Amino acid sequence: RAKERGNTYRFFTPEMNREVTRRLHLEEGLRAAICASQLTLYFQPIHRNGDGIVGFEALVRWVHPGEGLVLPGDFITLAEETGIIVPLGAMVLLKACHMLSHLQRHGCSNLYLSVNISPRQFDDPFFESKVAEALEKYKVDPRGLKLEMTEGVFIRNPVDASLRINDLKTRFPGLTFMIDDFGTGFSSFSYLSKLPVDVIKIDQTFISGLDQEHNRKIVKGIINLVKSLDLDVVAEGVQNLEHVEYLEKHGCYQHQGYYYYKPMTADELLHVLWEQNHH
Ligand code: C2E
Ligand code: CA
Ligand code: CA
Ligand code: CA
């Protein structure tokens, strides 16, 4: 092919060629993965002091026939760039609602499931109908579903994003929205107070950096901000008892992280819940 097109490739170094090939290969594989149902959800519990597990975050994994379990860090960015995130995200929503309906039918209707929504997925004009389809297909009580989005989604067009979110919340009472990775963007107090979000998730870099004074100040500041706006707060990346104690001392009681649990399969989730209910 290179021969046929003469010097078409003269600006590409061999490394660039390899990178292009790798990406094309990954892209093809990812499209096939959606069709072949190689995508699966893992679930990481969110723990609240006194209550135990109060919810789970759904985290996608690619069960690759050759490579084993592939983490989202290796394919979500490409999925975003190529638009594959739209069908991928729709599949994640369906799988998450399936799990949620199972929990709601088996005496765990107080638990919530939170699902990551990428910017490109939210921008899709059919986003609302995909959320509706997943909730309706499995007859899920929307009070159990939380959608996590990063600040970037709101910053680009806050008025439009707020309108669309409010529409969904009206249509599905109890459905809530969460800002993920909070603190890494540029949210101001006034901006945050205008958004129709209910929960703030403190980014894990601040939690893992709690041994440093400036991170302690940031975390304390975020918790105070969130409380003054009457929002809920979750800390992620909680890895040790010092993290737990610092967060609780300042009023953040919902924790997610390796200190409690790593992401787990659906079977493990049911096992962990069973144990919690029998102790
Ligand atoms: P995220 O939304 O910030 O999710 C939290 C990530 O931190 C997860 O990585 C989780 O396994 C990891 N984590 C949780 N607790 C700890 C801890 O104590 N220590 C450390 N070091 N890590 C912890 P994961 O599953 O690899 O996901 C990475 C990112 O991929 C997610 O970050 C999210 O941005 C994206 N992602 C995952 N699933 C989906 C999905 O279904 N849709 C979309 N659009 N993005 C997803
Ligand atoms: Ca998340
Ligand atoms: Ca996060
Ligand atoms: Ca993150």
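Just so we're aligned: the sequence shown equals residues 333 to 611 in the UniProt record's numbering.
Note that CB positions come from ideal geometry on N, CA and C, so glycine has one too.
From a predicted model like this one, the values you see are computed outputs, not experimental measurements.
Can you give the Cα-Cα distance for residue i and residue j, rounded to whole angstroms?
i           : j    : result
G476        : M348 : 46 angstroms
L524        : L563 : 10 angstroms
H396        : A364 : 10 angstroms
L495        : K526 : 11 angstroms
S461        : V392 : 21 angstroms
G405        : S433 : 28 angstroms
F509        : P346 : 45 angstroms
H587        : V551 : 13 angstroms
R452        : H610 : 42 angstroms
Y374        : M596 : 5 angstroms
L573        : E389 : 21 angstroms
V463        : A422 : 8 angstroms
S558        : I449 : Reading the sequence as shown, one finds Val at residue 558 and not Ser. Cα to Cα, the separation comes out at about 21 angstroms.
F459        : Q544 : 40 angstroms
G384        : T409 : 33 angstroms
R380        : L561 : 20 angstroms
L605        : D513 : 27 angstroms
F454        : S520 : 22 angstroms
Y592        : E413 : 33 angstroms
E607        : S522 : 43 angstroms
V570        : L601 : 19 angstroms
Y585        : T537 : 18 angstroms
V386        : P377 : 7 angstroms
E465        : K427 : 12 angstroms
F407        : P419 : 14 angstroms
N442        : D473 : 10 angstroms
I417        : L467 : 19 angstroms
I497        : G484 : 15 angstroms
Y590        : G541 : 15 angstroms
C367        : G553 : 45 angstroms
residue 651 : E577 : Because residue 651 is not part of the residues shown, which for the chain are 333 to 611, the question remains open.
D599        : T372 : 12 angstroms
What's the call for residue i, buried or exposed, on a 16-neighbour Cβ count within 10 Å?
i    : result
F518 : exposed
P505 : exposed
L425 : buried
Y444 : buried
H575 : buried
C429 : buried
K549 : exposed
K469 : exposed
K471 : exposed
T482 : buried
K533 : buried
E568 : buried
V352 : exposed
G415 : exposed
On the DSSP bridge assignment, give the partners of residue i in chain order.
i    : result
R380 : G384 and Q586
L371 : W394
K533 : V566
S446 : E389 and K478
T508 : K478
L401 : V395
M596 : F375
F521 : Paired residues: none, contrary to the question.
F514 : I534
Assess contact between the region 397–411 and the region 432–443, defined as three or more Cβ pairs (one per stretch) separated by less than 8 angstroms. Is contact present? no
Are there three or more Cβ pairs, one per stretch, closer than 8 angstroms when the region 566–581 is compared with the region 346–363? no
Is there contact between the region 463–477 and the region 489–499, where contact requires at least three CB pairs shorter than 8 angstroms? no
Any residues whose CB sits closer than 5 angstroms to a heavy atom of ligand 3? List them in chain order? D512 and D513
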